[in-house]
Amino acid sequence: MFYFRGCGRWVAASFTKQQFPLARLSSDSAAPRTPHFDVIVIGGGHAGTEAATAAARCGSRTLLLTHRVDTIGQMSCNPSFGGIGKGHLMREVDALDGLCSRICDQSGVHYKVLNRRKGPAVWGLRAQIDRKLYKQNMQKEVLNTPLLTVQEGAVEDLILTEPEPEHTGKCRVSGVVLVDGSTVYAESVILTTGTFLRGMIVIGLETHPAGRLGDQPSIGLAQTLEKLGFVVGRLKTGTPPRIAKESINFSILNKHTPDNPSIPFSFTNETVWIKPEDQLPCYLTHTNPKVDEIVLKNLHLNSHVKETTRGPRYCPSIESKVLRFPNRLHQVWLEPEGMDSDLIYPQGLSMTLPAELQEKMITCIRGLEKAKVIQPGYGVQYDYLDPRQITPSLETHLVQRLFFAGQINGTTGYEEAAAQGVIAGINASLRVSRKPPFVVSRTEGYIGVLIDDLTTLGTSEPYRMFTSRVEFRLSLRPDNADSRLTLRGYKDAGCVSQQRYERACWMKSSLEEGISVLKSIEFSSSKWKNLIPEASISTSRSLPVRALDVLKYEEVDMDSLAKAVPEPLKKYTKCRELAERLKIEELPCERQILALLSQFYSHL
Amino acid sequence: MWRGLWTLAAQAARGPRRLCTRRSSGAPAPGSGATIFALSSGQGRCGIAVIRTSGPASGHALRILTAPRDLPPARHASLRLLSDPRSGEPLDRALVLWFPGPQSFTGEDCVEFHVHGGPAVVSGVLQALGSVPGLRPAEAGEFTRRAFANGKLNLTEVEGLADLIHAETEAQRRQALRQLDGELGHLCRGWAETLTKALAHVEAYIDFGEDDNLEEGVLEQGGSTGWWGRKTPRISSQRLPSLSLSACLLSPTADIEVRALEVALGAHLRDARRGQRLRSGAHVVVTGPPNAGKSSLVNLLSRKPVSIVSPEPGTTRDVLETPVDLAGFPVLLSDTAGLREGVGPVEQEGVRRARERLEQADLILAMLDASDLASPSSCNFLATVVASVGAQSPSDSSQRLLLVLNKSDLLSPEGLGPGPDLPPHLLLSCLTGEGLDGFLEALRKELAAVCGDPSTDPPLLTRARHQHHLQGCLDALGHYKQSKDLALVAEALRVARGHLTRLTGGGGTEEILDIIFRDFCVGK
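If you're matching them up, the sequences are chains U and W in order.
Each residue of the first sequence is one higher than the one before, counting from 1232 in my numbering.
Each residue of the second sequence is one higher than the one before, counting from -7 in my numbering.
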């Protein structure tokens, strides 16, 4: 029922057409010369697109191999990006000039920053994304990336050669064999095959092989990897059914509106593509005892739930929620799938019941009494490779120049995949030019924590980013990802555009200058009290008070300071981001705790 | 060709333990796969010497050395003839013990060879083991490190074991044994658990409160499950944080738990100096006016002529130190110059050093000539040194003082003549030994108070590291109370917990996530 359409068809050759002989290698060419690239990326999901574009940004001639070009940039599960921890990863991907944050700023339909009442270190940028727009915008970006070629095709095997003696590893990858038997050679190969390695879809008692609903799994590749000696594990995940929008009675449900103004994901954007008033709302409803009853009565029809394969504890199916926390009402968020989409994504209702029972259960829920299920929820079981088999640069220990990124390493989530993709793309490219690897440490970013956890501890459930995993959470904030990574990305990896680099440099020097100017302004405390009456400035101190210390008061921000002392502070309020970052940098408690932390870590 | 490569590659990838080690360093991690052997008893001629192996090839090595015999029954002593696998030459008739993992000291397969202690036998067996493929000599501490790596010992137990091996006195041995039992570890683990639970609940609120439909009033007050958790079914409308920050920060349950922890920590920190004294020796300083008999007492206690003794005042000018075992306690005994003014520059320096040493003393043995109590130097000494130490509060950390009146043999039968009022004191004659038993008993009691008696007291903190981390934990809890921002509250708890888990091991994020997913229904 599925299969190899367009295998070997060149879908989009890029700007490199004129420079390289590859462009001649279309399927109608009678005797093609074996094509040769710097980097091949297998898979066009969130890891693959970031990996391919990052490698190309680093100057490598790159080939992206995917089953279907029209699924590049597909959001196969939830119609949202970001969140707490995940939003941090997106800011870091953006700081390295990755795609997903910029694409989200062009494709969102409901932008909201989470955790706003908590400290700035744990703010979570999040948005509901229009699936169609995201895919369109992503494909436009990928297909127009210089040095990047995209080809449809399924990879069956790897081409291996003698290892380079100066590196560890038993052999070296030098290309791939496609299902049609053709070969493509490359200096580095990145595997981003997601859930496609022996992927298996489960609905009720039915199972059938598939990487994603409607897409064939990769079985040959999985066998190749196992034969090479990679340790393989199995994980499962699931996705909820999709419901017809017009069949839902929203009028009786709790409505949630987006932020006004919308905060963009990318450092390069001042605002998002859509006005807050044009954005779509989300709705909240709850399960009830009838839902529990249907789940419990039909456990015998539900093989996915009974199996022992580890699924994510933080993203349980409704079945596991009912089993583990009985007699409760569970939340169900009704999220829009897009501006002109007829579908609603019921977040919280991931399930693998037989399809007819899914609709029966859903119609028990308030607001969904007449709901029509358009696509049933299903479970996916898939192979992953023990990530302790890769280095911090995401190259495998076993096979030189072979890189893994994304769900293949046991992670879950678009953002986790994108983060690994950028790092794999950069390192695959650096490896070709024989430069030292680009490794982000745990002290530098969430990306570093993610990769360090995976490569040293492995994982037994799909790994998701949480801020609680991050030791240096107070320093690794979403607001300062550019100062942590953009400068390094430009200098050490070469993956950052000149424009972004200059912007990050400007921001860094402006922050430093702003802080020294704030230090230089001194008045008596009573004068400050007069200038900013709304601040609870204590007038008992006789020593002069610096503007920097006034900024530490909760009620004071750069705007109120600039109103009090327009010269020279006015210019620091012109850039909203600069003004906010100055305030965050000077939060007083932050400083004290940071001192405590540095003392702790220096005495290890 | 590729088949060969694949086999190699498969071998390299096999074995989860190997994968656990950080490969980024490039060098293979010590202890990965290799079987180690070492002489476990002391070096030199002895009756029996014990040679141990640990690792997967242990059974193979035992079989090769005792060929053609099979493996003896597990954990039973068996008599076997050991012979050199290369020459077949007999080495020794020895007791061998076979400990298949994981029920062994290191958790790996282990073998013990109890051989006769002659150097030729020992080196012969060691060489024979070295010739078995896959075996190599162990590095210092490697058996213990493997036991630690395999979860057989925790960090405090490892330290307790190291102390046991170095225990020189009886009290040190008892202390080390107690610590090896994991008593300190147990205590710290209890504290760490409290903090882990507290932290897990704060982290749950940060990571899942708004993102993942945390379906619980996480930070509600008065929860019956401790902390802020509450087990009754409730719905909180997330994404709009319905609970105010102050509700969480001022939660009485939280405050009670943390305060109880702070009190317990404080109590143990006051204990800390005692544990250190027990490990490294209590400082006992003998002081007094010139010619009171200080050096005689030092020689008597150390049972050797440490100091020159003469009837001439000011004989001892420098500080003389000697380590001694007094009633089972390790003691660093210092003899000092007699305290007096108006002497020559050399003796003046000696007096200055004596006073300096006095300040560092844990226990002061203040010595006076019983027959000379009315002299100005005696009165002056009583008024300054003895009175000032006596005036300190009698808490554990302050100095203790034992007043000893020497030369009781010179007293008239009526006892002490007229003189100043004396605080509690002991009479002693270093010359005749009269009163020595009473003095030693008093000394033992004082040392027990200074060092702590490990057989009855709560576990002591024998290492400066322990004190450092407990203090760090206490400091961090102080910040916890002040913080207004939930991320900062979490940070303070993290640091506090981090300090404790430096002592107990563990402390990863996984433990926090386990609690979160156990206690809350998190999920999309």
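Glycine residues also receive a C-beta, built at the ideal position from the N, C-alpha and C atoms.
Mind listing the chain W neighbours of residue i? Cutoff is C-beta to C-beta under 7 Å, in chain order.
i	result
U/THR1698	ILE198 and ASP199
U/HIS1398	Within 7 Å Cβ-Cβ: nothing; U/HIS1398 doesn't reach chain W, min ~10 Å.
U/ILE1593	The premise fails here: U/ILE1593 is roughly 16 Å from chain W at the closest Cβ pair, so nothing lies under 7 Å.
U/LYS1349	ILE198, ASP477, LEU478 and ALA479
U/ALA1352	ALA479
U/GLY1316	ASP199
If you drop the 5 nearest sequence neighbours on each side, which residues of the same chain put their C-beta closer than 6 Å to that of residue i?
i	result
W/LEU393	ILE356, ALA358 and VAL381
U/LEU1633	VAL1404, VAL1420 and THR1627
U/GLU1387	VAL1408, VAL1410 and GLY1451
U/GLU1675	ARG1715
U/LEU1818	none
W/CYS180	LEU492, LEU495 and THR496
W/VAL276	VAL323, LEU325 and LEU355
U/GLU1816	none
Applying the criterion that 16 or more other CB atoms from any shown protein chain within 10 Å of the CB defines a buried residue, is residue i buried or exposed?
i	result
W/GLY499	buried
W/GLY23	Annotation note: pLDDT 40 at W/GLY23 (below 50); position unreliable, no value reported.
W/ILE504	buried
U/GLN1337	buried
W/GLN95	exposed
W/LEU232	Confidence is the limiting factor: at W/LEU232 the pLDDT is only 30, short of 50, which leaves the residue's position unreliable and the question unanswerable from this model.
W/LEU402	exposed
U/ASP1361	buried
W/ILE248	exposed
U/GLN1730	exposed
W/ASP62	exposed
W/ILE300	exposed
U/GLN1359	buried
Listing by chain order, which chain U residues have their CB less than 9 Å from the CB of residue i?
i	result
W/LEU462	Chain U residues near W/LEU462: none, gap ~13 Å exceeds 9 Å.
Who are the Cβ neighbours of residue i in its own chain at under 8 Å, not counting the five residues just before and after it?
i	result
U/SER1741	TYR1803, CYS1806 and LEU1809
W/ALA256	TRP183
W/SER16	Because W/SER16 carries a pLDDT of 33, less than 50, the predicted location of this residue cannot be relied on, and the following value inherits that uncertainty. Nothing listed; no residue qualifies.
U/ILE1525	LEU1584, LEU1588, LYS1591, MET1592 and CYS1595
W/PRO40	Per the sequence shown, the amino acid found at residue 40 of chain W is Ile instead of Pro. Contacts found: SER33, HIS106, VAL107, HIS108 and GLY109.
U/VAL1796	ILE1752, LEU1762 and ALA1778
Using a Cβ cut-off of 7 Å, pull out every chain U residue sitting near residue i, in sequence order please.
i	result
W/THR501	SER1699 and ARG1700
W/GLU195	SER1699
Which chain W residues are close to residue i, counting only those with a beta carbon under 8 Å from its beta carbon?
i	result
U/GLY1223	Summary: the structure shown does not reach residue 1223 of chain U, with chain U confined to residues 1232 through 1835, and so no result is reported for it.
U/ASN1491	Those do not exist, as U/ASN1491 stays about 15 Å from chain W at its closest Cβ, beyond 8 Å.
Just to make sure I have the definition right: I need the residues of chain W whose C-beta is within less than 9 Å of the C-beta of residue i. Which are they?
i	result
U/GLY1608	Within 9 Å Cβ-Cβ: nothing; U/GLY1608 doesn't reach chain W, min ~12 Å.
U/LEU1378	Those do not exist, as U/LEU1378 stays about 30 Å from chain W at its closest Cβ, beyond 9 Å.
U/LEU1681	Near U/LEU1681 there are no residues of chain W at all, since even the closest Cβ is about 12 Å away, more than 9 Å.
Can you give me the Cβ contacts of residue i inside the same chain, cut-off strictly under 7 Å, excluding the 5 residues immediately before and after it?
i	result
W/THR424	ASP401
U/LYS1739	SER1714
Q. When the Cβ atoms of the segment 1654 to 1671 of chain U are set against those of the segment 1270 to 1289 of chain U, are three or more pairs found closer than 8 Å?
A. Under the three-pair Cβ rule at 8 Å, the segment 1654 to 1671 of chain U counts as touching the segment 1270 to 1289 of chain U.
Q. Contact between the segment 1703 to 1717 of chain U and the segment 1313 to 1321 of chain U: three or more CB pairs below 8 Å?
A. Contact holds between the segment 1703 to 1717 of chain U and the segment 1313 to 1321 of chain U, because three or more Cβ pairs, one in each stretch, are under 8 Å apart.
Q) When the Cβ atoms of the segment 363 to 376 of chain W are set against those of the segment 339 to 353 of chain W, are three or more pairs found closer than 8 Å? A) No, they do not touch.
Q | Members of the segment 470 to 503 of chain W that neighbour chain U once the beta carbon cut-off is set at 9 Å | A | Hits within the stretch, in order: HIS471, GLN474, SER475, LYS476, ASP477, LEU478, ALA479, LEU480, ALA482, GLU483, ALA484, ARG486, VAL487, GLY490, HIS491, ARG494, GLY500, THR501 and GLU502.
**Q.** Contact the segment 1303 to 1312 of chain U vs the segment 1363 to 1375 of chain U: 3+ CB pairs below 8 Å
**A.** Pairwise C-beta distances place the segment 1303 to 1312 of chain U in contact with the segment 1363 to 1375 of chain U, as three or more of them are shorter than 8 Å.
Q: Count the C-beta pairs between the segment 43 to 62 of chain W and the segment 100 to 107 of chain W that are closer than 8 Å, then say yes if the count reaches three, no if not.
A: Judged by Cβ distances under 8 Å, the segment 43 to 62 of chain W makes contact with the segment 100 to 107 of chain W, as three or more pairs qualify.
Q. Are the segment 412 to 426 of chain W and the segment 282 to 295 of chain W touching by the rule of at least three beta carbon pairs closer than 8 Å?
A. Cβ pair count under 8 Å is three or more, so yes.
Q.
Using 8 Å as the cut-off, can you tell me whether the segment 118 to 130 of chain W makes contact with the segment 70 to 77 of chain W, which would need three or more C-beta pairs spanning the two stretches below that distance?
A. Cβ pair count under 8 Å is three or more, so yes.
Q: Please determine if the segment 1541 to 1554 of chain U and the segment 1465 to 1485 of chain U are in contact, where contact requires at least 3 C-beta pairs separated by less than 8 Å.
A: Yes, since at least three Cβ pairs between the segment 1541 to 1554 of chain U and the segment 1465 to 1485 of chain U fall closer than 8 Å, the two stretches touch.
(Q) By the 8 Å beta-carbon criterion, what residues does the segment 1554 to 1587 of chain U contribute toward chain W? (A) Interface annotation for the segment 1554 to 1587 of chain U against chain W: ARG1555, PHE1556, ASN1558, ARG1559, LEU1560, HIS1561, GLN1562, TRP1564, GLN1578, GLY1579 and SER1581, criterion Cβ-Cβ distance under 8 Å.
(Q) Closer than 8 Å is the cut-off here; do at least three beta carbon pairs connect the segment 323 to 339 of chain W with the segment 305 to 315 of chain W? (A) The segment 323 to 339 of chain W, when compared against the segment 305 to 315 of chain W, does touch it at the 8 Å Cβ threshold.
**Q.** Selection of the segment 1704 to 1738 of chain U by Cβ proximity to chain W, strictly under 9 Å
**A.** Legend: CB atoms of the segment 1704 to 1738 of chain U lying less than 9 Å from CB atoms of chain W belong to residues ARG1704 and LEU1705.
Q. Below 8 Å, can you find three or more Cβ-Cβ pairs linking the segment 1569 to 1579 of chain U to the segment 1614 to 1622 of chain U?
A. In short, these stretches do not touch, since the Cβ pair count stays below three.
(Q) If contact is defined by three or more beta carbon pairs under 8 Å, each pair taking one atom from either stretch, is the segment 1431 to 1440 of chain U in contact with the segment 1554 to 1570 of chain U? (A) With the rule of 3 Cβ pairs closer than 8 Å, the segment 1554 to 1570 of chain U does not count as touching the segment 1431 to 1440 of chain U.
**Q.** Contact the segment 1783 to 1792 of chain U vs the segment 1756 to 1771 of chain U: 3+ CB pairs below 8 Å
**A.** The segment 1783 to 1792 of chain U is in contact with the segment 1756 to 1771 of chain U.
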